[in-house]
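Numbering (this note's numbering), first residue to last: 5 to 147.
Even glycine gets a Cβ: it sits at the ideal position worked out from N, Cα and C.
Okay, so here's the structure we're looking at.
Written as structure tokens, this is what we have:
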């Protein structure tokens with residue numbers, strides 16, 4: 005599930021990744037571009053019944069722009085997570101009833117208006133490669 009605002013600068017990295025993954029035939033992965041309303045896609049998640057749900061979004065983590073991290077559940081509630089209808093912590097709390105393993109991946113934005121910056125776009129491309137190679141273990145966890 006990729007989250008973000010296509011008109012929101014680096015917040016558009018989620019939809020950018022969804023577009024890039026959507027053009028690839030990955031039998032083991034269903035891509036959801038949830039835009040700014042991920043809560044509208046909970047029924048899709050429940051219907052698909054995935055073993056693992058990846059949630060990808062631009063997240064203010066206090067890192068260099070473009071840094072990618074797995075964000076532990078205990079850190080999600082205290083972070084600034086882009087501009088969406090409900091807090092991501094509430095969304096994850098609800099989806100945990102239906103999905104055994106939820107992994108939240110954050111990409112540090114540089115700007116939240118205008119166009120997607122090159123540094124964050126490059127990180128989006130890097131994350132797409134990581135996902136295609138099924139190599140999530142290479143992503144550092146936010147400490």
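Item	Value
What does the alpha-carbon distance come out to for the pair residue 20 and residue 125?	8 Å
Only counting the same chain, and skipping five residues up and downstream in sequence, which positions put a Cβ closer than 7 Å to that of residue 147?	none
Taking 8 Å as the threshold, find out whether the stretch 66-74 comes into contact with the stretch 37-45 through three or more Cβ pairs.	no
In whole angstroms, give me the CA-to-CA distance for residue 68 and residue 120.	15 Å
Using 8 Å as the threshold, is the C-beta distance between residue 26 and residue 60 below it?	no
For residue 66, is the classification buried or exposed, using 16 other Cβ atoms within 10 angstroms of its Cβ as the cut-off for buried?	exposed
Rounding to the nearest angstrom, what Cα-Cα distance links residue 109 and residue 95 in this structure?	14 Å
Output needed for residue 145: all residues of its chain with C-beta closer than 7 Å, excluding positions within five of it in sequence on either side, in chain order.	73, 74 and 76
Starting from the C-beta of residue 93, find all residues in its chain whose C-beta is less than 6 Å away, skip the five residues before and the five after it, and write them out in chain order.	80 and 81
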